[in-house]
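K.L.:
First the structure, which I've put down as structure tokens, then a few questions once you've had a look.
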Amino acid sequence: MAFNISLTTDNVYDAVHGFLTNVLGISADKVVRAYQDNVPTPFPYPFIYMSIRQNVRNSTNMNGYQSSASTNTVKWSNILDVQIDFYGQDSMDQAQVVKGLFRDDYGVNFFEESGLVPLYADEPVMSASEDEKGNFMVRQTMTLHFNTHPQVVVPQDFFENAEIVVKNAEVL
């Protein structure tokens, strides 16, 4: 049996993508995972890059044994950071909208079904950037911080009956 994790990287990107396109009204093809392989930017402006920066464990494991299914469900807590880069003349306004709605009831309710719990958003900062032609690009960068509770189901052997046999040990 291969592992089966409840919250995948694709799940995270899909949820953040849905939030950004929903609150900003930006076209779905303009919100993409950050490219790491020198692929040209999705011009024209505006566009948004998303990248998972880190996923840090925040608790010890909790186990849920199910003898009827011969499985063990292992669950823990993580702090997940997703960097968002806004490009274009309205990038500061977009970042402010995301920051304001992220930890609001709106954001918390939006992410509820995805397994992501919004904690807080960093302040957006202007960060200089150049495109592949060396031209200056207007860019605001911020990080969204989530609490997550992924779980993995793994096989677990169980037994129903045990026979105890007592044997005397020789003492020297």
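Reading the sequence shown from the start, the letters are residues 2 to 173 in our numbering. Using N, Cα and C, we set each Cβ at its ideal position, and we do this for glycine too.
Around the C-beta of Met-127, are 16 or more other C-beta atoms found within 10 angstroms, so that it is buried, or is it exposed?
P.N.:
Your numbering for residue 127 matches position 126 in the sequence shown. Per the 10 Å Cβ criterion, exposed.
K.L.:
Starting from the C-beta of Tyr-121, find all residues in its chain whose C-beta is less than 7 Å away, skip the five residues before and the five after it, and write them out in chain order.
P.N.:
Position 120 of the sequence shown, counting from 1, holds the residue named residue 121. Cβ within range, chain order: Arg-104, His-146.
K.L.:
Quick test of your reading: Ile-53 and Val-13, contact by CB under 8 Å. State the CB separation rounded to the nearest angstrom.
P.N.:
Position 52 of the sequence shown, counting from 1, holds the residue named residue 53. Position 12 of the sequence shown, counting from 1, holds the residue named residue 13. Indeed, because the Cβ distance is near 6 Å, the residues count as touching under 8 Å.
K.L.:
Is it true that the CB of Asn-62 sits closer than 7 Å to the CB of Asn-73?
P.N.:
Here residue 73 refers to the residue found at position 72 of the sequence shown. Here residue 62 refers to the residue found at position 61 of the sequence shown. The answer is no: Cβ separation not under 7 Å.
K.L.:
From the DSSP output, in three-state form, read off Asn-12 for me.
P.N.:
Here residue 12 refers to the residue found at position 11 when the sequence shown is read from its first residue. Helix.
K.L.:
Do three or more CB pairs link the region 75-84 to the region 156-163 at distances below 8 Å?
P.N.:
The region 75-84 vs the region 156-163: no contact.
K.L.:
Assign Thr-149 to one of two classes, buried (16 or more other C-beta atoms within 10 Å of its C-beta) or exposed (fewer than that).
P.N.:
On the sequence shown, position 148 is the one that residue 149 refers to. The residue in question, Thr-149, is buried, as its Cβ has 16 or more Cβ neighbours within 10 Å.
K.L.:
Can the beta-carbon of Gly-108 be found closer than 7 Å to that of Leu-8?
P.N.:
Walking along the sequence shown from the start, residue 108 turns up at place 107. Walking along the sequence shown from the start, residue 8 turns up at place 7. Contact flag unset, no.
K.L.:
Would DSSP call Phe-137 helix, strand or coil?
P.N.:
By one-based count along the sequence shown, residue 137 stands at place 136. Of the three classes helix, strand and coil, the one that applies to Phe-137 here is strand, per DSSP.
K.L.:
Within a Cβ cutoff of 7 Å, which residues of the same chain sit near Met-93, ignoring the five residues on either side of it in sequence?
P.N.:
In the sequence shown, counting from the first residue as 1, residue 93 sits at position 92. Cβ within range, chain order: Pro-125, Gln-141.
K.L.:
Relative to the C-alpha of Thr-10, which candidate in Asp-30, Pro-151, Phe-111 has its C-alpha closest?
P.N.:
On the sequence shown, position 9 is the one that residue 10 refers to. Minimum Cα distance to Thr-10 is reached at Pro-151.
K.L.:
Hey, out of Asp-158, Val-154, Gln-157, Phe-137, whose CA is closest to Tyr-46's CA?
P.N.:
Position 45 of the sequence shown, counted from the first residue, corresponds to residue 46. Closest option to Tyr-46, Cα to Cα, is Phe-137.
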